[in-house]
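Just so we're aligned, residue 110 is where the sequence shown starts under this note's numbering, counting upward by one.
Here is the structure we will look at.
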Amino acid sequence: MLDKTSNQNKEQRISSFLELQGQTNQAPYLIDVEKAEGIYIWDKAGKRYMDMIAGVAVNNIGHRHPKVLSAIQEQLDKHLHVMVYGEYIQDAQLDLANNLASILPKNLSTSYIVNSGTEANEAAIKLAKRFTGRQEIISCKNSYHGSTHGSLSITGNKEKQSSFKPLLPQIQFIEFNNIDSLNIITEKSACVIIETIQGDAGLVKPTLEFITALREKSTTTGTLLIFDEVQVGMGRTGKFFAFEHYNIIPDLLTLGKALGGGMPIGAFISSKEIMHSLTHNPMLGHITTFGGHPVNCAAANACINVLKEENWIKEADEKGQLLVDILKQSEKIKEIRRAGLFFAVDLGDENLVAEVVKKCLDKGVIGFWFLSTPTAFRLSPPLSISEKEIKEVGKTILECI
Ligand code: PLP
């Protein structure tokens, strides 16, 4: 009887979810979440999932890290929203800006805190246009930069763009890792925006030659180089920022996702000189009511502190390799592309991917899709995952394959 009631309840909840909440996915996961802690999520029936996605590269320090929770609580006791961004001096915002400056190179010391990754990218391309006085933007094929109109315009995915035209004009696309394609960057280009390591393209790393040539071409043409590290920043790839792997420093950096330790936030970051061009012609060049929300900034600040204190970023590569070594035992896996604890497990077959992801979910391991690479599934577990948990996950995935 109990089971029947809870089943009815579940069906009702699914039907309300599908009817009352706007949907964009034709086949959502429908995990009915009760609570989350560390690398685990529990549903309302008490089933435990190992979260190998971390809310799509958000929960890098695990769910509900105690230091994030107490920072949020402390901020709740002080104040919530008091003013639109950039008018009042607020501890949480200032501490976060300070903390970001402490982990970034000198020319990336001025942060503007916004609400999301897509807003960070929108604002970054506006800033590049304003600073250079140029209109043309260069982006990259197979990229993903967000879903609002400006970010969609620079997202190199024709299918995702097709129904939403007209998009921003004067955007051209280079090819990732194709040095010849950099010729379209000229004195007319305001900026090049690129994911330092492409995520939704199925995890593609830049060659050192390509990223070095990109930096040089941007510098010689006076084009601002923007690295979008919304997905690969905050330790995901085994360094605080993915550009550290290549010793190439951008003029602008965008962050989001994991920055907030589980709270919604984004940031675009540059030198003071570049950033302050938003203060005139026109004044208030980017405005946001909730950007830099004090509770989210307090959480982000705690998140950076946790990443500084723990050894998780340094361990990401070794842990990542451990999972690769386990998964390599399966002949069905065609290729594993990896950066730290970010994986594209390529099975070379869309249907097989769908089956494996579904089976893993049944067995309590959450994996997820890539937007533009249907033959692979993605794994991006919390960096706090232990070796024992990695072995358990690896064993389950092998069984499912
Ligand atoms: N940029 C990259 C590289 C992303 O992966 C994403 C989201 O997946 C975004 C930007 C957009 O971030 P948000 O969903 O917070 O708007």
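Backbone N, C-alpha and C define an ideal beta-carbon position, used for all residues, glycine too.
Computed from a predicted structure; not experimentally measured.
Closest residue to residue i among the options (Cα-Cα distance)
| i | options | result |
| --- | --- | --- |
| F399 | A180, P175, E146 and V191 | V191 |
| A206 | V142, G369 and I510 | G369 |
| D309 | A409, R487, G473 and A201 | R487 |
| Q135 | F126, T305 and D141 | F126 |
| E284 | V193, F319, A210 and L178 | F319 |
| I396 | L213, E196 and R243 | E196 |
| N286 | F451, N118 and T305 | T305 |
| E228 | K366, V177 and H188 | K366 |
| I358 | T330, G371, E325 and Q340 | E325 |
| G226 | E120, V165 and Y194 | V165 |
| V341 | K500, T257, I140 and K314 | K314 |
Residue i, buried or exposed, once every other Cβ within 10 Å from all chains shown has been counted against 16
| i | result |
| --- | --- |
| Q199 | buried |
| T332 | buried |
| P403 | buried |
| K144 | exposed |
| E424 | buried |
| Q202 | buried |
| Q184 | buried |
| K381 | exposed |
| Y355 | buried |
| Q130 | exposed |
| Y221 | buried |
| I383 | buried |
Own chain residues within Cβ distance below 6 Å of residue i, not counting five before or after
| i | result |
| --- | --- |
| P391 | none |
| H233 | In the sequence as displayed, the identity of residue 233 is Ala instead of His. Result list for A233: I335, L361, T363 and F377, in chain order. |
| I435 | G503 |
| M110 | Confidence is the limiting factor: at M110 the pLDDT is only 44, short of 50, which leaves the residue's position unreliable, though a coordinate-based value still follows. Same-chain partners within the cutoff: there are none. |
| L218 | It is worth fixing the name first, because residue 218 is Ser in this sequence and not Leu. So the list reads A210, once near-sequence residues are dropped. |
Three-state secondary structure (DSSP) of residue i
| i | result |
| --- | --- |
| S115 | helix |
| F240 | helix |
| R173 | coil |
| G265 | strand |
| R447 | strand |
| T363 | strand |
| Q270 | helix |
| Q184 | helix |
| D426 | helix |
| S124 | helix |
| R487 | strand |
| F349 | coil |
| I510 | coil |
Close-in-space but distant-in-sequence residues of the same chain around residue i (CB under 8 Å, 5 per side omitted)
| i | result |
| --- | --- |
| G394 | K235, L236, R239, S386, L387 and T388 |
| I263 | N230, I234, I246, S248, S252, H254, L277, I280 and I302 |
Own chain partners of residue i with C-beta closer than 7 Å, once the 5 adjacent residues on each side are dropped
| i | result |
| --- | --- |
| G457 | K443 and T484 |
| E459 | P483 and T484 |
| I148 | M159, D160, G171, P490, P491, S493, I494 and E498 |
DSSP bridge partner residues for residue i (one or two, in chain order)
| i | result |
| --- | --- |
| Y221 | F377 |
| W421 | BP columns for W421 are empty, so no partner. |
| Y158 | I150 |
| S298 | E245 |
| I335 | I302 and L361 |
| Q130 | Partner(s): none; Q130 has no beta bridge. |
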